[in-house]
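Numbering (the numbering used here), first residue to last: 23 to 716.
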């Protein structure tokens, strides 16, 4: 009977001290970010008191400390019914924390005092907490640069604790406040939560964008509601950093500048770099559009950036080193080391004006990635690629290698943060153990990857990956700081762009993918204008160079700048008919992939059979008067200088017998002047491009 009563007493005592999980961690009780609280609550390392609160502000007792250590590390737990003769005078068998205390005593991790007591209800000091946690983390050689000698109370540290405290401060596990360390003083539950979570269970957040294309002010969705915009993105970034302030990265996978609205084009991306600096980006890689204005201007933009560009496969042949970037970087977060590198699209020479990238060599992405990953795997725990290859090889201009193909061919990449193909991935694609993510484009979404690790001094293991897309919509408040940076740029460009120069009598379709897969009335209008202004027989322009539609109604300067954002010139070529046919074959070779090379034309009518192989699809070409195109005759052909230099795969245009710059003005400025002189714009498709089947 006595044994039964003793048993029941012990059980009741244990039940009385079973902590209660709070419904929600205390959001305003931690200065370190609630991620540390949440990860320890999720793992059952820290639990609430009977009132349902965590009370992080309270001093941490030695007994509470022991319980958290045991729950955080895989010790052979000694349950109360297997307790040996207790080790300490003041921790009897029926004391709620005795199983945890005895477990650590047996493991020789946390011992009592020389007088045989443990003092379980006394506060634990900084020195003691660091020493015990160091043993649990298996830190045996705490060598680190001295970062604590300037603190006033450094001499008050226990001699055996000094190097370990210095190590904790250097690694970011402990953050002193003011000019003292807190040597010999009690620590709060909050302080130890951060200390334990950041060392043992670090969570690293990677926020990512891609294909922003200078949409600083965002755009509107199908319901005409605002979406995107740097000021909204930054609001979310700030929230995520507040949640995980010490271990959050913000990265971009290319095409941040180029190929976008006037607010970016007018300043050649300078305003984008300034905003990215203010948002605190950490890393970015190059996309093809970063080279729209040539490598020299890009070098200027990179020099203005306060973040690091990573790109391993673009080599400056003069220096034989990566162009204006690092090939990779290892970013430490405590025991966890992230290895990050970047890759640009190997199709760069046909995606931009080749003249602008002379002196650059584009390396094979598979070979480059294989070499870089080999280095990173030896020096990091998790490999992240910022990729502008495109999602898969069937996407626009990925060539033979997209992210999916790269993951299949290169082992050891843990995460690919992608760009180029404007692919919206609501959840990761997993290929060969590699997670692939991408946000779409224009800042309409912010990607968030959370990496959960279990770590000790000599071992790091990834335990979980979480991913989500965060919509940047009208529900997100705009950040005033970012708006204030954008405002002077916007004021300047608005003044110029708001001038109304004409009227569209119908909707002019320049939408993607339409402009890349079929004849549209805006494609016809632009090609006709190019032929007229140059006096050419024929005009060919790439659909990818037409970036927006013109809605029915007033046409402003800004409208034209949005439609034709690139710094292209109209040039007049003399070409043999056979070369014109070859150019058209290129133009219709990737219709299924919605490639930008799609030929919008004037002065000719073509029939195309998409059932045939690329290179043999053009089955008929006639001049506007119905006369067949003569392969041996020389014609005057208007195009843009990007295509004339071989861009978008139009290498055959370099066979031109002569080349002449028509006006020397950018196409957008010439078109503005044309519309001013011809303000009523009306165009219907007339069947100049016909798809036929056998």
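Beta carbons are placed, not taken as given, at the ideal position from N, Cα and C, and that holds for glycine.
It should be emphasised that the depicted structure is a prediction, and the values quoted were computed from it without experimental measurement.
- In this structure, DSSP gives residue 483 an extended state, which the three-state scheme calls strand.
- According to DSSP, residue 208 shares a beta bridge with 147.
- Beyond the five residues adjoining it in sequence on each side, residue 375 comes within less than 6 Å, by CB distance, of 664, 667 and 669 in the same chain, given in chain order.
- By the criterion of at least three beta-carbon pairs nearer than 8 Å, the region 477-485 is in contact with the region 356-365.
- In summary, residue 271 is buried, with 16 or more beta-carbon neighbours lying within 10 Å of its beta-carbon over all protein chains present.
- Pairing residue 658 with residue 558 gives a Cβ-Cβ distance under 7 Å.
- Under the DSSP definition of a beta bridge, residue 81 partners with 210.
- DSSP, reduced to helix, strand and coil, places residue 164 outside both helices and strands of the structure shown, so it counts as coil.
- The beta carbon of residue 547 sits closer than 8 Å to the beta carbons of 530, 703 and 705 from its chain, once the five residues preceding and following it are set aside; these are given in chain order.
- With contacts defined by Cβ atoms closer than 7 Å, residue 508 and residue 238 form a contacting pair.
- Inclusion of residue 414 and residue 364 in the CB contact set at 7 Å is not warranted, their separation being larger than that value.
- Counting only runs of 3 or more residues that sit fully inside the region 525-593, the beta strand (DSSP E) segments are 560-564 and 575-578, in chain order.
- When C-alpha distances from residue 129 are compared across 150, 120, 110 and 99, the shortest belongs to 99.
- Looking at the DSSP output, residue 475 bridges to 484.
- When secondary structure is reduced to three states using DSSP, residue 693 falls in the helix class.
- Residue 261 has its alpha-carbon roughly 56 Å from the corresponding atom of residue 678.
- Secondary structure at residue 377: helix, using DSSP grouped into helix, strand and coil.
- Looking only at 226, 401, 444 and 577, the smallest Cα-Cα distance to residue 476 is reached by 226.
- Considering only 111, 161, 154 and 302, the residue with the shortest C-alpha distance to residue 139 is 111.
- For residue 642, the uninterrupted beta strand (DSSP E) run begins and ends at 640-645, by DSSP.
- Here the alpha carbons of residue 72 and residue 209 stand approximately 22 Å from one another.
- Residue 642 is positioned such that its CB atom lies no closer than 7 Å to that of residue 579.
- The beta carbon of residue 624 lies closer than 6 Å to those of 549, 550, 553 and 561 in the same chain, with the five residues before and after it left out.
- Taking every protein chain shown into account, the CB of residue 527 has fewer than 16 other CB atoms within 10 angstroms, so this residue is exposed.
- In the displayed model, residue 516 falls within a helix according to three-state DSSP.
- Per the coordinates, the alpha-carbon of residue 125 lies some 9 Å from the alpha-carbon of residue 101.
- Residue 680 has 596 as its beta-bridge partners, per DSSP.
- Going by C-alpha positions, residue 584 is about 22 Å away from residue 556.
- Straight across, the Cα-Cα distance linking residue 185 with residue 165 is about 7 Å.
- Looking at the backbone, the Cα of residue 500 and that of residue 255 are separated by about 8 Å.
- Between residue 568 and residue 524, the CB-CB gap reaches or exceeds 7 Å.
- For the pair residue 326 and residue 650, the Cα-to-Cα distance works out to about 54 Å.
- Between the alpha carbons of residue 305 and residue 278 lies a gap of roughly 12 Å.
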